[in-house]
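Enquirer: Be aware that the sequence shown starts at 3, since it is given in my numbering, and climbs by one per residue. Using N, Cα and C, we set each Cβ at its ideal position, and we do this for glycine too.
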Amino acid sequence: MTTFNLTETTASKISSTLTRLRHQMGAPAVGMVLTLVMVVDEAGQYDAVRAATDAAREHPSRILVVINRDPAEGNRLDAEIRVGESSPGEIVLLRLYGKLTGHADSVITPLLLTDTPVVVWWPAGSPAVPAEDSVGKLASRRITDSRAARDSVKAITTRLDGYVPGDTDLAWTRLTPWRSLLAAAFDQPVGAIESGVVEAAAGNPSALLLAAWLSQRLGAAVEVAESPGPGLTAVRLALASGGELKVSRSDARLATLSKPGQPDRRVALTRRPTSELLAEELRRLDPDETYFSAIQQLAKVSAH
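(1) Taking the alpha carbon of residue 218 as the point to measure from, which residue in 297, 147 and 275 has its own alpha carbon closest?
(2) Using 8 Å as the threshold, is the C-beta distance between residue 146 and residue 304 below it?
(3) What are the boundary residues of the alpha helix (DSSP H) that residue 294 is part of?
(4) Whose C-beta lies closer than 7 Å to the C-beta of residue 57 among residues of the same chain, with five residues either side of it excluded?
(5) Among residues of its own chain, excluding the 5 on either side of residue 182, which ones have a beta-carbon nearer than 6 Å to its beta-carbon?
(6) If you draw a straight line from the alpha carbon of residue 256 to that of residue 109, how long is it in whole angstroms?
(7) Tell me, please, which residues DSSP counts as bridged to residue 37.
(8) Tell me, please, whether the region 60–77 touches the region 33–42 by the rule of three or more beta-carbon pairs shorter than 8 Å.
(9) From which residue to which residue does the alpha helix (DSSP H) around residue 48 run?
(10) According to DSSP, simplified to helix, strand and coil, what is residue 278?
(11) Between the alpha carbons of residue 206 and residue 258, how many angstroms are there, rounded?
(12) Tell whether a beta-carbon distance below 8 Å holds between residue 210 and residue 131.
(13) Span of the beta strand (DSSP E) holding residue 197?
(14) What are the residues that DSSP puts in a beta bridge with residue 6?
(15) For the alpha helix (DSSP H) holding residue 209, just list the boundary residues, first then last.
(16) Return the residue from the list 268, 59 and 134 that minimises the CA-CA distance to residue 167.
(17) In the DSSP assignment, find the unbroken alpha helix (DSSP H) run with residue 178 in it and report its ends.
(18) CA-CA distance, residue 107 and residue 62?
(19) Using the DSSP secondary-structure output, state which residues sit across from residue 145 in a beta bridge.
(20) Spatial neighbours of residue 272 within its chain, please: CB distance less than 6 Å, with the 5 preceding and 5 following residues excluded, ordered by chain position.
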């Protein structure tokens with residue numbers, strides 16, 4: 003991979019440099035399917051860029067990394083451009099200083115790929131209303147992560163406030179294997195569910211979403227209980243006919259599915275890295291109606 007540094011530059015110079023480097027390396031932009039914009043601080047940029055690069059192997063992208071530096075300094079834009087034949091796209095790290103820190107959208111707009119979707123991802127802190135953020139306004143999909151917030155519970159329980167179709171949260175994406183497994187457990191009738199409990203480490207936002215989703219789908223009260231963790235550890239659903247349907251996970255790879263009258267079954271339930279979560283979200287660029295229903299239910303429960 004080739005790295006090219008531009009200091010005290012402009013968006014137009016970055017754009018022309020990208021074009022020149024592509025021509026030199028014979029890597030046209032037509033192979034890229036979207037622009038992924040990340041808003042992250044300097045401390046978190048390494049892990050975020052690595053996750054985005056891994057995800058881009060499935061979705062070749064132009065990755066624009068917005069890193070706001072000292073707003074008290076003079077206005078300056080520095081760029082680090084990474085391209086290469088082995089790269090799944092292009093990576094541009096944009097370091098903004100001075101008043102530019104409040105106008106990242108003006109820097110990003112000239113660098114967006116034409117006629118392709120724009121996705122914005124906040125790996126850590128995110129705006130209260132992503133669609134009203136100056137960078138968020140550029141995107142058709144906006145990805146937040148409640149788990150990275152200072153108050154994860156508050157972050158996920160208030161996601162409905164200001165929700166706009168296209169918003170999603172990685173706390174929801176982490177639930178895909180759990181939701182698939184639980185849905186498959188009902189392939190054979192088990193009868194009515196009286197109540198349920200989702201067990202997870204304290205403050206886990208995914209547990210709240212899973213409880214809300216189950217409550218809505220099953221028409222029964224599903225609560226959240228604290229466990230030693232890590233992450234989600236169990237779902238227990240009490241059956242009206244007696245006994246319970248239970249999924250329990252004691253490590254990061256396997257879970258046990260228990261149903262009355264049937265032998266326990268070991269199933270894969272792996273905790274996935276951020277790159278896989280991001281790749282999943284990039285597969286669907288339409289609004290996630292199921293997520294919207296889940297945060298509606300969570301907001302309703304939290305209001306009581």
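Expert: According to the data block:
(1) 297
(2) The Cβ atoms of residue 146 and residue 304 do not sit closer than 8 Å to each other.
(3) 291–304
(4) Closer than 7 Å at the Cβ level, and outside the excluded window around residue 57, lie 277, 280, 281 and 284.
(5) none
(6) 45 Å
(7) 64 and 120
(8) yes
(9) 47–57
(10) Residue 278 falls in the helix class under three-state DSSP.
(11) 21 Å
(12) no
(13) 195–202
(14) Looking at the DSSP assignment, residue 6 forms a beta bridge with 83.
(15) First-last of the alpha helix (DSSP H) with residue 209: 207–220.
(16) 134
(17) 178–187
(18) 22 Å
(19) Bridge partners of residue 145: 123 and 170.
(20) Same-chain partners within the cutoff: 255.
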